[in-house]
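These notes concern the structure reproduced below.
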Amino acid sequence: MRRVRAARLLMVASGFAGLGYQIVWTQQCALWLGHEAAAVLAVVAAFFGGLAAGAFALGGRVARSARPRRWYVGCELTIAAWSLALVFVMRPFSAAALRLTGAEPSATWQWAVAFVGTFALFLPATAAMGATLPAMERLAARDDGRGVAGLYAANTFGAVVGVLASAFALVPGLGLSRTAGLGVALNLACALAVRAIFPATIASEESKAPAPASSDARALLATLGVTGLLGLGFEVLVVRVLSQVTEDTVYSFALSLAVYLVGSAAGAAAYQRWLVARRDRGTLGDELLGALAVACLLGTASLWAADATRAFALHALGGGMPAAIAAEALLAVTAFGPATIVMGALFSHLAGRAIAGGVSLGTALGVNTLGAAVAPALWGVAVVPALGPKRALLLIAAGYLALVARRAWRRPIVWAPALGALALAAFAPPLVFVDVPPGGRVVSYREGVMAAVSVVEDADGVARLRINDRQQEGSSATYHVDARQAWLPLLLHPAPARALFLGLGTGVTASAATEDPRVRVEAVELLPEVIEASSVFRPTADGSLDRLHVVAADARRFVRESDARYDVIVADNFHPARSGSGALYTVEHFEAVRTRLAAGGVFCQWLPLHQLDLDTLRIIARSFLTAFPDGAAILASNSLETPVIGLVGRDAARAFDLAALRARLSAGLPTRAATLGFDDELAVLGAFVAGPEALRRFAGDAPLNTDDRPVVAYRAPRVTYAPDSLPRDRLLAFLGEVAGRGAPPALAPDDPAFARRLAAYEAARDRFLRSGRDVRPSGDVRAMLAQVQAPLLAVLRKSPDFRPAYDPLIAMAGALAPIDPAAARVLLSELARVQPARTEAARLLASLDAR
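Going by this note's numbering, the first residue of the sequence shown is number 112, and it counts up by one from there.
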């Protein structure tokens, strides 16, 4: 029994290391694949492909060997050595893969490089992993009556612990390389322990060659291959559907994978305990296939209620990140649980019968994992975009039923799920999650390889673009702010000729830049479905879009592989918690962007403060300052509900030339610049809220977000799962920390009078924002004036130049005039006195006097 316990503990440790590697390698591959979903598909395919290769190439030799200990030790040492090598090889490999893929690859070429590249990169380690279970099965065969099922369950249990520990503790705390180093240590410990516990050789009668495989065994191998294809396909499809309901963070994937593995291990253990001794084992396979079809249908049916299930769980568990994580785990259990339990039992049954029929465990395992290796490309890349998730999931259930023997179709366990699948196919709605407000409509919806993209219009005609129904990429109601995010960086450059936008979203920001006829604009967007959907939001009447070139590519890859130089680069406000977005805030990415800037170039990274907390902002700011030591912070607008902060850097330490800015503003720019609020240089430079020193003090000693330690991807989800404050409170807290140090890095030529006006403008801006904290919108103009009139007039007395306080008062005075002329006259008179240079108040007063 000592050896049995040791064998299972070793399988736990080996499984922990193996799935820890998978989490690490998925994160590393996402850096050159551009999206975590793409990395998941590619790494999972590479993992199973390598396991299959190892099982095929080595499994037979292990089964015939009298020295399985040597094989096991060699496999663990190979895994350790190659995983250690990858710590140093991954970076140059990623660079080579980026070059091979190119800046603007076709979809076919990109996916070919992704799948083949990851398979080749991990093959030495994954092939060795594929032989560890057969080798341990040979070592423990005499003492362990439970056979492969017990070892498989232990190995899978270790994998579960490895997934959860890596995602929730090791990677956030240690980084990717050190987490991989822990896996290396476990592999070495396993190799040493086996040498100490198990004998070097097995008696000759135990190592005799297996009998030739029977025809039944060959049929079982075919079934093992197909069930591997269907089983992992079910995981890929369910994860894809749940990404439209969960928050789609690094934790979401880890939970789904853990639940999948727990179910598989539980199924294997249950089979060994209750089913292995059944006398009617010849019909057990058909029963398990029928039960698996039922379980898949139940899991599929649960997806239609996923939104309601999540809402119920959150309500029952209360607020906070633990409750949100538990709600996502419940969704995974509901969708995966029953099916994965039956999958574990079915694999144990089929593998056991194949071995009894003369097939080695390595061959059985190899066939099953080969099918699983094909699944990500088949189901994730080909089937989902073509059929949609509902039909694809029903096809999985039908596939299991197709494997059942013809004689078994008379039994309810087979024909009942067949009827259920037909009913769902005919009557159930598509598995589409689109939140449509009352009176609204779906303008467009498209399933892509990596995400579902929708455009939804509400009853007021406001259209919103969403990815997986969770991540809003902008709307037609935010045109003003989105356009400002283009013009602010453009105005900070004296004469931009070429601009690059990383991320397209609705396309409003990039399209706004084309209104300057002297600027050629390029935009890079990862999801082709977003590019297609953005046409709903972009104006086309004036022909300016002819100067916009949109590229379907990964932003990181494009920045590294393009040889172009840009005067202005603008990065979209990527949601830092979403799949792969944290990699766009790393030191390495910011440094790569700097190399793409032409002389005098300006880079602006927009940050959605309504989607990240101040601690995450500190991390990103410090990482940005590492690449741009003279970086500064600006505000996109004065919004308190959805505040957006920009980090601005230059290719070299240069002053912002006041004279050049004035010349640019007076050089016949499109009137759109003025309508966006940029009617003078104060409006542009007054957007700065923190200079380099202020930003450095704010960032403090926050950890750097690097490719090896992606702290943003693990820190940012906290505010997504459980916001700890309102966006307005975060903005005001940030302004309080950088107060009095908001001017841009330098101004030339030196103008003391303007500097005083700018300081007053900044003070007025901060007072304006603070005064808006407790304002409650009202349709009654008198109720609104009661809240804002005194604070806004105080702002204007601080700086008469601060137009954001002047314009709303003018608008309210115009609305008040027909119902209360006396009150309107008092307000207009005060506005004319505070701001005599503007004519709007005097004109409205004259209109009132003429009545």
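Note that beta-carbon positions come from the ideal geometry of N, C-alpha and C, so glycine has one too.
Determine the extent of the alpha helix (DSSP H) in which residue i is found, giving its start and end residues.
| i | result |
| --- | --- |
| Y677 | Run containing Y677: none in the alpha helix (DSSP H); it sits in the beta strand (DSSP E), Y677 to A682. |
| Y511 | P500 to A513 |
| V352 | S326 to L353 |
What is the DSSP secondary structure of residue i, reduced to helix, strand or coil?
| i | result |
| --- | --- |
| R178 | coil |
| G131 | helix |
| R609 | strand |
| E699 | helix |
| V305 | helix |
| Q596 | helix |
| A164 | helix |
| F458 | helix |
| F767 | strand |
| H980 | Shown here, the chain extends from 112 to 962; a query on residue 980 therefore has no answer. |
| R389 | coil |
| L959 | helix |
| F268 | helix |
| I578 | strand |
| F879 | helix |
| S363 | helix |
| G585 | strand |
| I452 | helix |
| S194 | helix |
| V492 | helix |
| A634 | strand |
| V566 | strand |
Looking only at its chain, what residues have a beta carbon closer than 8 Å to the beta carbon of residue i, apart from the 5 residues adjacent to it on each side?
| i | result |
| --- | --- |
| L968 | The requested residue 968 does not occur in the structure, where the chain is confined to residues 112 to 962. |
| D726 | A813 and R826 |
| G559 | P496, L638, P639 and E640 |
Going by C-alpha distance, which of the options is nearest residue i?
| i | options | result |
| --- | --- | --- |
| G342 | A166, S354 and L368 | L368 |
| A633 | D678, P179 and L142 | Note that residue 633 corresponds to Glu in the displayed sequence, not to Ala. Measuring from the Cα of E633, the nearest candidate turns out to be D678. |
| I507 | A404, R114 and L481 | A404 |
| P719 | V647, Q582, L736 and V619 | Q582 |
| A456 | V704, P911, L399 and A307 | L399 |
| I921 | P932, E951 and D931 | E951 |
| A957 | T445, T237, S940 and M201 | S940 |
| R775 | Q355, T212, L599 and S734 | L599 |
| A218 | A664, A534 and A688 | A664 |
| A260 | A124, L244, W717 and D819 | L244 |
| L728 | P740, G712, Y696 and T706 | Y696 |
| V554 | S646, A594, A529 and P528 | S646 |
| M240 | G161, D683 and T706 | G161 |
| V515 | L395, S459 and V619 | L395 |
| V543 | V352, E873, R180 and T334 | V352 |
| A388 | C407, R464 and A242 | R464 |
Apart from the five residues on each side of it in sequence, which residues of its chain come closer than 6 Å, Cβ to Cβ, to residue i?
| i | result |
| --- | --- |
| L441 | A424 |
| L366 | E439, A440 and A443 |
| T753 | H721 |
| I452 | G374, A377 and G378 |
Distance cutoff 8 Å, beta carbons only. Does residue i sit that close to anything in chain C?
| i | result |
| --- | --- |
| L472 | Although the question refers to chain C, the structure presented lacks it and comprises just one protein chain. |
For residue i, which residues from the same chain have a beta carbon less than 7 Å from its beta carbon, with the 5 sequence-adjacent residues on both sides left out?
| i | result |
| --- | --- |
| G883 | L751 |
| C140 | A150, A153, V154 and T229 |
| A743 | V759, F799, A801, G802, P803, L806, P855 and P856 |
| L195 | V295 |
Looking at the secondary structure, which residues open and close the beta strand (DSSP E) in which residue i lies?
| i | result |
| --- | --- |
| F226 | Unbroken run through F226 is the alpha helix (DSSP H), A218 to A251; no beta strand (DSSP E). |
| G757 | V755 to R761 |
| F714 | L708 to P719 |
| I745 | A743 to L746 |
| F799 | F799 to A801 |
| V554 | R552 to E558 |
Touching or not, the region 811 to 830 and the region 631 to 647, by the rule of three or more beta carbon pairs under 8 Å?
-> no
Quick check: the region 174 to 188 against the region 496 to 512, are there 3 or more CB pairs under 8 Å?
-> no
Indicate whether the contact test is met: 3 or more Cβ pairs, each with one atom in the region 538 to 548 and one in the region 563 to 574, closer than 8 Å.
-> yes
Check whether the region 604 to 620 touches the region 667 to 686, taking contact to mean three or more Cβ pairs, one atom from each stretch, closer than 8 Å.
-> yes
Is there contact between the region 887 to 895 and the region 920 to 940, where contact requires at least three CB pairs shorter than 8 Å?
-> yes
At least three beta-carbon pairs within less than 8 Å, the region 268 to 287 to the region 820 to 834 | yes
Three or more C-beta pairs below 8 Å linking the region 225 to 239 and the region 192 to 204 = yes
Report yes or no: do the region 787 to 794 and the region 624 to 633 share at least 3 C-beta pairs separated by less than 8 Å?
-> no
Does the region 475 to 495 come close enough to the region 405 to 421 that 3 or more CB-CB pairs lie under 8 Å?
-> no
Any contact of the region 505 to 519 with the region 169 to 180, i.e. 3+ C-beta pairs under 8 Å?
-> no
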